[in-house]
Amino acid sequence: MSTLKVQNLSVYIEDKPILNDFSLEIPYGEVHAIMGPNGSGKSTLSKALAAHPNYDIRNGTAELDGHNLIDMEPDEISRAGLFLAFQYPIEVPGVTIANFIRAAIQARMEESKLFKAVDYYKKLYQKMDDLGIDRNFTARSLNDGFSGGEKKRCEILQMAMLDPKFCILDETDSGLDIDALRVVSAGVNSMRSSNRGFLVITHYQRLLDYIVPDKVHVMWEGKIVRSGDKDLASELESKGYDWIKEELAA
Amino acid sequence: MIIDKKNPATTPAFFSEDYFESFASNHSWEPGWLADLRKESWATLQENELVSLKDERWRFSPKSRLGYSHFKSISESSNSINLDPASGSPQNILNTVDNILLDNPDLIADFAEIQGPNLGATQSYHLTNTYFTNGFFLKVSGIQNQKLHLLVNHTCPEERFVTFHKNYVILDDFTEVTLVENFISENVFSQGGLSNLTHFKIGKGAKLNRILIQNMAEGTSFHNLENFDLHADSLVVNVQCHLGANQSRIETKGNLLEPGANFENFSFVSGRGKQLFDQRTEQYHFAPHCSSNLLAKNVLQDEAKSIFAGLIKVDPKAQQTNALQTNRNLLLSRDAEADSLPGLEILANDVSCTHGATTSRLNQEELFYLLSRGIEKKSAESLISLGFLEEIIGKIQDEELTQRIREMVYTHFK
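First to last, the sequence lines map onto chains A and B. According to our numbering, the first sequence is numbered sequentially starting from 1. According to our numbering, the second sequence is numbered sequentially starting from 1001.
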């Protein structure tokens, strides 16, 4: 069965261990959520899986659909089907959204295939309408001067256009108001299917009211320390992370 | 005879007295004022050669690359300039200097008087005045019923020939024109040279949109010297796109002569291999209440090198001047190099003048973001670089032309 399988992963930033013997398996068709306090390693996990050069993987394996992610470059990982929606999307002045997404789609196409602009824009406009993004945004520079909400919608737009096998959403809810949260969540939910997996990283239960997970994991000091169903998120919301800390100390 | 002291054996014949005499004799049909101009320029050229003091106007520049000793001879082909045939009209004159000299040489009698930009390339300047055999003349007059859009193509000769163009553009009061100049080569293997000297006289209330696109073969040399005289309430928007030639010396000077003049000077360089781009600019404010703005952006990969030296000069009487000057460089490789020399020389006390320069490497977070979407590294670098230059390309108000320039830049990165 196709899956994202991470085993015994240890990740360092400048010789400081952040992920420590981390393991997690997410079958396609499922949505898993990771919650955890600041500094527990949630974003490190997402960046390490996407092969950010600042994250040094010293031990363990990470496989997506049979691809060994550890030995791959960031662009190869993306083309293999992993999509990371950034917590802080990067501003790229002068590069329009339309050209950026087009370049990403063309990178996935066989050389002999022709890029059809009409079909591309038809799909792009449809996805933009679904996400409540003004069509004029196609000519704007990528994330340049965007509000927090606009940036996050733009991430989901890219995800929808690239049709990945597996999506990691890194604190996509941060900086979103209630209306934007609904729209973004609807965009994600519309992509849920039996042949696509999701890992949703968040601090708050609120997002998980909209994107209901199959499993919830709690991360603490670079490891999964507890897993459960969606009720675990509610429990965390009411008891706080100190509850986990006390349990671990016991 | 002027001798290249480092390589005396390779000094080309056109530096010899005999060659000049022969050239002058072949051009004896030209008007007397032109013969005098050539003779004076030849004499000045030889006097200047005796001066060997270090020149601030060549700071950071490998000057030997910008000399003329590697050329075999001068090309006098009239095909080196080509004008859009549909662009003429009864009110406007656009013709080659070749034709003007034959039919109506008085039109360009000012050639003997006009000067500049004089930002250091004296050898190019005097050689061009001595040996120019072609160029174009444009005079725009009267009220325009429709927007005038003109095209001039300059072609660099093949092998190791050099050609000299002298051009003159006159916009009468309240006229407006868009002038696109392409600089290309006869073929991609050319190692020739093109020295181009242009004087722009912009009348009261006139508007010039000028776009220069230099995409010559990468074995060639390009010397481009241009001088803009702006009269009251005139506007020049000058956009220069430099992609080709192995070495270029580019001098641009805007003289704001009367109140209300506005000089907007934008340029980009896309350099690769061992290309050298030596850019010198001056925004000279003679009159009060004038504005000038300069933005030069350079992207360099491989071992490419750029030098930007810009000066804002404000005379004591040029109060209420508003002048900006910015140079931004993006380096894509460890061996690429950008030197920047922004300068101010302000003698008025009620002005607003700022200048600044930055040089940076590719932002790794931007690169990772593009890679994380599956875009290959080289394409990602090209996209980011093109985005960096978009601020300049976007100044051109012609969608077809901007698209062509974007494609040229994108190809240049591959």
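Glycine included, C-beta positions come from ideal geometry on N, C-alpha and C. Small disclaimer: the values here were computed from a predicted structure and weren't measured.
Considering Cα atoms alone, identify which of B/Ala1380, B/Arg1406 and B/His1231 is closest to A/Asp75.
On the first sequence, position 75 is the one that residue 75 of chain A refers to. It is B/Ala1380 whose Cα lies nearest to the Cα of A/Asp75.
Tell me whether B/Lys1147, by its Cβ, gets closer than 7 Å to a heavy atom of the ligand PLP.
For the ligand PLP, the structure offers nothing, since it holds no ligand at all.
For B/His1285: DSSP bridge partner residues
Numbered from 1 along the second sequence, position 285 holds the residue referred to as residue 1285 of chain B. Note: B/His1285 sits in a beta bridge opposite B/Leu1256 and B/Val1314.
Please decide whether A/Ala50 counts as near chain B, where near means a Cβ-Cβ distance under 8 Å.
Taking the first sequence and counting its residues from 1, the one referred to as residue 50 of chain A is at position 50. Yes, its Cβ sits closer than 8 Å to a Cβ of chain B.
Please report how far the alpha carbon of A/Gly41 lies from the alpha carbon of A/Phe22, in whole angstroms.
Stepping through the first sequence from its first residue, residue 41 of chain A is reached at position 41. Stepping through the first sequence from its first residue, residue 22 of chain A is reached at position 22. The alpha-carbon atoms of A/Gly41 and A/Phe22 are separated by roughly 10 Å.
Run down chain B in chain order and give the residues with a C-beta less than 8 Å from the C-beta of A/Arg79.
Within the first sequence, residue 79 of chain A is the residue found at index 79, counting from 1. The answer, in chain order, is Gly1374.
Report all residues from its chain with a CB closer than 6 Å to the CB of B/Pro1288; omit the five preceding and five following residues, and keep chain order.
Here residue 1288 of chain B is taken as the residue at index 288 of the second sequence, counted from 1. Correct list, in chain order: Pro1259, Ala1318, Gln1319 and Gln1320.
Quick one: is A/Ser185 buried, meaning 16 or more other Cβ sit within 10 Å of its Cβ, or exposed?
As a position in the first sequence, residue 185 of chain A is number 185, starting the count at 1. Its Cβ being crowded by 16 or more others within 10 Å, A/Ser185 is buried.
Taking only the alpha-carbon atoms, compute the straight-line gap between A/Ser227 and A/Asp214 and give it to the nearest angstrom.
In the first sequence, the residue the question calls residue 227 of chain A occupies position 227. In the first sequence, the residue the question calls residue 214 of chain A occupies position 214. Rounded to whole angstroms, A/Ser227 to A/Asp214 spans 11 Å at the Cα level.
Name, please, each residue of chain B whose Cβ falls closer than 9 Å to the Cβ of A/Val92.
As a position in the first sequence, residue 92 of chain A is number 92, starting the count at 1. Residues of chain B passing the Cβ test: Asn1363, Glu1366, Tyr1369, Leu1370, Leu1383, Ile1384 and Gly1387.
Any Cβ of chain A within less than 8 Å of the Cβ of B/Lys1414?
Along the second sequence, read from residue 1 onward, the residue named residue 1414 of chain B stands at position 414. No, because no Cβ of chain A sits closer than 8 Å to the Cβ of B/Lys1414.
Does the beta carbon of B/Ser1333 come closer than 8 Å to any beta carbon on chain A?
Position 333 of the second sequence, counted from the start, is the residue given in the question as residue 1333 of chain B. Taking Cβ atoms only, chain A never reaches closer than 8 Å to B/Ser1333, which makes this a no.
Three-state secondary structure (DSSP) of A/Tyr55:
Position 55 of the first sequence, counting from 1, holds the residue named residue 55 of chain A. If DSSP states are grouped into helix, strand and coil, A/Tyr55 belongs with coil.
So that I know if they touch, is there some Cβ in chain B lying closer than 8 Å to that of A/Ser112?
On the first sequence, position 112 is the one that residue 112 of chain A refers to. So, not an interface residue.
Does B/Trp1042 pass the burial test, meaning 16 or more other C-beta atoms within 10 Å, or should it be called exposed?
Here residue 1042 of chain B refers to the residue found at position 42 when the second sequence is read from its first residue. Buried is the call here.
So the alpha helix (DSSP H) A/Val184 belongs to, where does it begin and stop?
Walking along the first sequence from the start, residue 184 of chain A turns up at place 184. Unbroken alpha helix (DSSP H) run through A/Val184: Ile178 to Met191.
Quick one: using the 10 Å Cβ neighbour count with 16 as the cut-off for buried, is A/Met1 buried or exposed?
Walking along the first sequence from the start, residue 1 of chain A turns up at place 1. In this prediction, A/Met1 has a pLDDT of 49, which is less than 50 and means its spatial position is unreliable; what the coordinates show is noted afterwards. Exposed, since its Cβ has fewer than 16 Cβ neighbours within 10 Å.
Could you tell me the distance, in whole angstroms, from the CA atom of A/Asp15 to the CA atom of A/Tyr55?
Indexing the first sequence from 1 puts residue 15 of chain A at position 15. Indexing the first sequence from 1 puts residue 55 of chain A at position 55. Rounded to the nearest angstrom, the two C-alpha atoms are 10 Å apart.
Among the residues of its own chain, which have a CB less than 7 Å from the CB of B/Pro1342, if the five just before and after it don't count?
Counted from its first residue, the second sequence places residue 1342 of chain B at position 342. Cβ neighbours of B/Pro1342 beyond the five flanking positions: Gly1310, Gln1325, Asn1327, His1355, Gly1356 and Ala1357.
Have a look at B/Leu1344, B/Asp1103 and B/Arg1249 and flag the residue whose alpha-carbon is nearest the alpha-carbon of B/Leu1294.
For this step, residue 1294 of chain B is matched to residue 294 along the second sequence. Selected option, being the one with the closest Cα: B/Leu1344.
Counting contacts by CB-CB distance shorter than 8 Å, is B/Lys1377 in contact with chain A?
Translated into the one-based positions of the second sequence, residue 1377 of chain B becomes position 377. B/Lys1377 counts as touching chain A.
Count Cβ pairs between the region 82–90 of chain A and the region 98–113 of chain A that sit closer than 8 Å; are there 3 or more?
no
Inter-residue CB distance, B/Gly1387 and A/Gly145 (contact presumed, cutoff 8 Å)
Against the second sequence, residue 1387 of chain B aligns to sequence position 387. Against the first sequence, residue 145 of chain A aligns to sequence position 145. B/Gly1387 to A/Gly145, Cβ: 14 Å. No contact.
Contacting residues, own chain, Cβ-Cβ under 6 Å from B/Ser1075 (five flanking each side not counted):
Translated into the one-based positions of the second sequence, residue 1075 of chain B becomes position 75. Once the five neighbours on either side are set aside, the close Cβ partners of B/Ser1075 are Pro1157, Phe1161 and Thr1163.
By DSSP, does B/Ala1245 sit in helix, in strand, or in coil?
Here residue 1245 of chain B corresponds to residue number 245 of the second sequence, with the count starting at 1. Of the three classes helix, strand and coil, the one that applies to B/Ala1245 here is coil, per DSSP.
Segment limits, alpha helix (DSSP H) that includes A/Pro74
The residue given as residue 74 of chain A occupies position 74 in the first sequence. Looking at the DSSP string, the run of the alpha helix (DSSP H) that includes A/Pro74 is Pro74 to Ala80.
Please list the segments of the beta strand (DSSP E) lying wholly inside the region 112–137 of chain A, counting only runs of 3 or more residues, in order along the chain.
none
Grab the span of the alpha helix (DSSP H) containing A/Asn8 for me, first residue to last.
Here residue 8 of chain A is taken as the residue at index 8 of the first sequence, counted from 1. Where A/Asn8 is concerned, there is no enclosing alpha helix (DSSP H), although the beta strand (DSSP E) it sits in stretches over Thr3 to Ile13.
With distances taken from CA atoms, which of B/Ile1250, B/Gln1146, B/Pro1105 and B/Asn1092 is nearest B/Asp1172?
Taking the first residue of the second sequence as 1, we reach residue 1172 of chain B at position 172. Ranking the options by Cα distance to B/Asp1172, first place goes to B/Asn1092.
Opening and closing residue of the alpha helix (DSSP H) in which A/Lys239 lies
The residue you call residue 239 of chain A lines up with position 239 of the first sequence. Per DSSP, A/Lys239 belongs to the alpha helix (DSSP H) from Asp231 to Lys239.
For B/Glu1113, the three-state DSSP class (helix, strand or coil):
For the purposes of this step, residue 1113 of chain B is taken as the residue at position 113 of the second sequence. In the structure shown, B/Glu1113 sits in coil (DSSP, three-state: anything other than H, G, I, E or B).
Can you tell me whether B/Ile1250 is buried or exposed, with buried defined as 16 or more other CB within 10 angstroms of its CB?
Position 250 of the second sequence, counted from the start, is the residue given in the question as residue 1250 of chain B. Buried, by the Cβ-count rule.
Look at the alpha carbon of B/Leu1083 and the alpha carbon of B/Val1152, and state the distance between them as a whole number of angstroms.
Counting from 1 along the second sequence, the entry for residue 1083 of chain B is found at position 83. Counting from 1 along the second sequence, the entry for residue 1152 of chain B is found at position 152. About 5 Å.
Identify the continuous beta strand (DSSP E) that holds B/Cys1290 and give its terminal residues.
Within the second sequence, numbered from 1, the residue matching residue 1290 of chain B stands at position 290. No residue range can be given for B/Cys1290, since it is assigned to no beta strand (DSSP E) and is classified by DSSP as neither H nor E.
Less than 6 Å between C-beta atoms, sequence neighbours within five positions excluded: which residues of the same chain meet that for B/Val1351?
The residue given as residue 1351 of chain B occupies position 351 in the second sequence. Cβ neighbours of B/Val1351 beyond the five flanking positions: Val1314 and Thr1321.
Give the straight-line distance between the Cα atoms of B/Leu1150 and B/Gly1205, rounded to the nearest whole angstrom.
For the purposes of this step, residue 1150 of chain B is taken as the residue at position 150 of the second sequence. For the purposes of this step, residue 1205 of chain B is taken as the residue at position 205 of the second sequence. Distance between the alpha carbons of B/Leu1150 and B/Gly1205: 19 Å.
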